[in-house]
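Q:
In the working numbering, the protein residues as written are 63 to 383.
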């Protein structure tokens with residue numbers, strides 16, 4: 063029962079969590095490994111918080127602020143009898159994290175800033191390649207507090223987070239970025255995320271234009287009446303499509319679903335294989351004396367051939383994606 067007659071003590075009865083403002087600026091993307099589903103980044107990172115326990119008398123050092131390296135800051139805290147500060151870990155880090163310029167600046171009022179520049183490889187489990195190569199991918203840098211929210215609560219450091227002017231990534235175009243704060247396993251977590259799409263020039267001129275040219279050339283062979291030559295051309299085209307498939311598959315992990323590129327290439331496999339079978343059938347009819355019947359069937363194939371690609375694409379999409 064609250065009576066208003068409690069005995070005063072020197073102990074703090076309740077102290078709310080300290081707000082920690084966080085900002086990240088991604089200066090470079092060192093690499094994007096789609097097979098391993100991770101990416102490398104160079105990031106400028108900043109934390110700001112106010113802890114009265116870190117305050118000091120300016121007259122003692124004839125200064126308004128003090129700056130420390132990490133080891134020096136640990137000693138400073140130990141001298142004050144403190145055991146914790148807003149330590150954090152990169153939640154989706156893989157491998158080593160190379161840090162530079164780790165500096166803590168403490169104002170006489172207890173206002174504290176921590177700045178760091180680091181390079182790290184970060185997991186990207188949100189990759190979805192279903193629309194490859196027209197896909198948009200999401201990348202995240204997640205920072206999680208070591209201590210639960212009863213001690214520290216994260217918030218966004220307004221005006222700090224952003225992207226560098228020269229990210230150094232040639233394959234991707236960054237279209238958007240943002241920050242968010244949530245709770246994970248009772249601890250505060252800060253996320254810097256950005257969205258990127260591919261430069262399509264490579265895929266258009268190295269994949270789609272050659273494939274389209276092969277399809278058109280194959281269509282012109284239907285104006286020939288030499289069924290044997292048709293079989294040779296179609297067989298060569300099938301090998302080319304297989305080569306294209308190997309070229310693309312080396313960039314992606316072994317997925318449990320088909321990408322848009324897979325659907326297109328599989329459709330070309332199916333149609334080209336059917337064309338080979340069809341031309342072999344016509345050749346057999348020609349050699350067996352049924353050339354007039356073969357010609358009657360063949361004249362419709364000139365118009366059926368382009369429609370067959372559309373039908374194959376719809377079939378593969380419906381049954382396998």
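The beta-carbon is built from N, C-alpha and C at its ideal position, and this holds for glycine as well.
Note that the structure is predicted; figures quoted are calculated from it, not measured.
What span of residues does the beta strand (DSSP E) with residue 111 cover, start to end?
A: Here residue 111 refers to the residue found at position 49 when the chain shown is read from its first residue. It spans 100-112 - the beta strand (DSSP E) in which residue 111 sits, taken as one unbroken run.
Q: Go through its chain and collect everything with a Cβ distance to residue 251's Cβ below 8 Å, but skip five positions before and after it.
A: In the chain shown, counting from the first residue as 1, residue 251 sits at position 189. Spatial neighbours of residue 251 in its own chain (CB-CB distance under 8 Å, excluding positions within 5 residues in sequence) are listed in chain order as 153, 204, 205, 206, 207, 216, 243, 244, 245.
Q: Exposed or buried, what is residue 78 when buried is set at 16 or more other beta-carbons lying within 10 Å of its beta-carbon?
A: Here residue 78 refers to the residue found at position 16 of the chain shown. It counts as exposed.
Q: When you compare the CB positions of residue 322 and residue 218, do they come within less than 9 Å of one another, or not?
A: In the chain shown, residue 322 corresponds to position 260, counting from 1. In the chain shown, residue 218 corresponds to position 156, counting from 1. Not closer than 9 Å, so no.
Q: Tell me whether the beta-carbon of residue 168 lies closer than 9 Å to the beta-carbon of residue 202.
A: Position 106 of the chain shown, counted from the first residue, corresponds to residue 168. Position 140 of the chain shown, counted from the first residue, corresponds to residue 202. Cβ distance not < 9 Å, so residue 168 and residue 202 don't count as in contact.
Q: Residue 341 to residue 275, Cα distance in whole Å?
A: As a first step, residue 341 is located in the chain shown; it is residue number 279 there, counting from the start. As a first step, residue 275 is located in the chain shown; it is residue number 213 there, counting from the start. Roughly 20 Å separates the two Cα atoms.
Q: In three-state terms, what does DSSP make of residue 206?
A: Position 144 of the chain shown, counted from the start, is the residue given in the question as residue 206. Three-state DSSP puts residue 206 in a strand.
Q: By how many angstroms is the C-alpha of residue 229 removed from the C-alpha of residue 376?
A: Reading the chain shown from its first residue, position 314 is the one you call residue 376. Reading the chain shown from its first residue, position 167 is the one you call residue 229. Approximately 39 Å between the Cα atoms of the pair.
Q: Once DSSP output is grouped into helix, strand and coil, what is the label at residue 327?
A: Stepping through the chain shown from its first residue, residue 327 is reached at position 265. It is helical.
Q: Grouping DSSP H, G and I as helix and E and B as strand, with all else coil, what is residue 313?
A: Sequence index remark: in the chain shown, residue 313 carries index 251 (1-based). Collapsing the DSSP output to three states places residue 313 in coil.
Q: Please classify residue 126: is it buried, with 16 or more other beta-carbons within 10 angstroms of its beta-carbon, or exposed?
A: Looking up residue 126 in the chain shown gives position 64. Under this definition residue 126 is an exposed residue.
Q: Following the continuous alpha helix (DSSP H) through residue 134, name the residue where it begins and the one where it ends.
A: Here residue 134 corresponds to residue number 72 of the chain shown, with the count starting at 1. Here the alpha helix (DSSP H) through residue 134 covers 132-141.
Q: Spell out the partners DSSP gives residue 193 in its beta bridges.
A: Within the chain shown, residue 193 is the residue found at index 131, counting from 1. In the DSSP output, where bridge partners are listed per residue, residue 193 has none listed.
Q: Give every residue of the same chain whose Cβ lies closer than 6 Å to the Cβ of residue 178, excluding the five residues on either side of it in the sequence, and list them in chain order.
A: Translated into the one-based positions of the chain shown, residue 178 becomes position 116. Cβ within range, chain order: 107, 161, 164.
Q: Measuring straight from C-alpha to C-alpha, what distance separates residue 66 and residue 156?
A: Here residue 66 refers to the residue found at position 4 when the chain shown is read from its first residue. Here residue 156 refers to the residue found at position 94 when the chain shown is read from its first residue. For residue 66, the predicted structure reports a pLDDT of 36, less than 50, and the residue's modelled location is therefore unreliable. The matter cannot be settled from this model.
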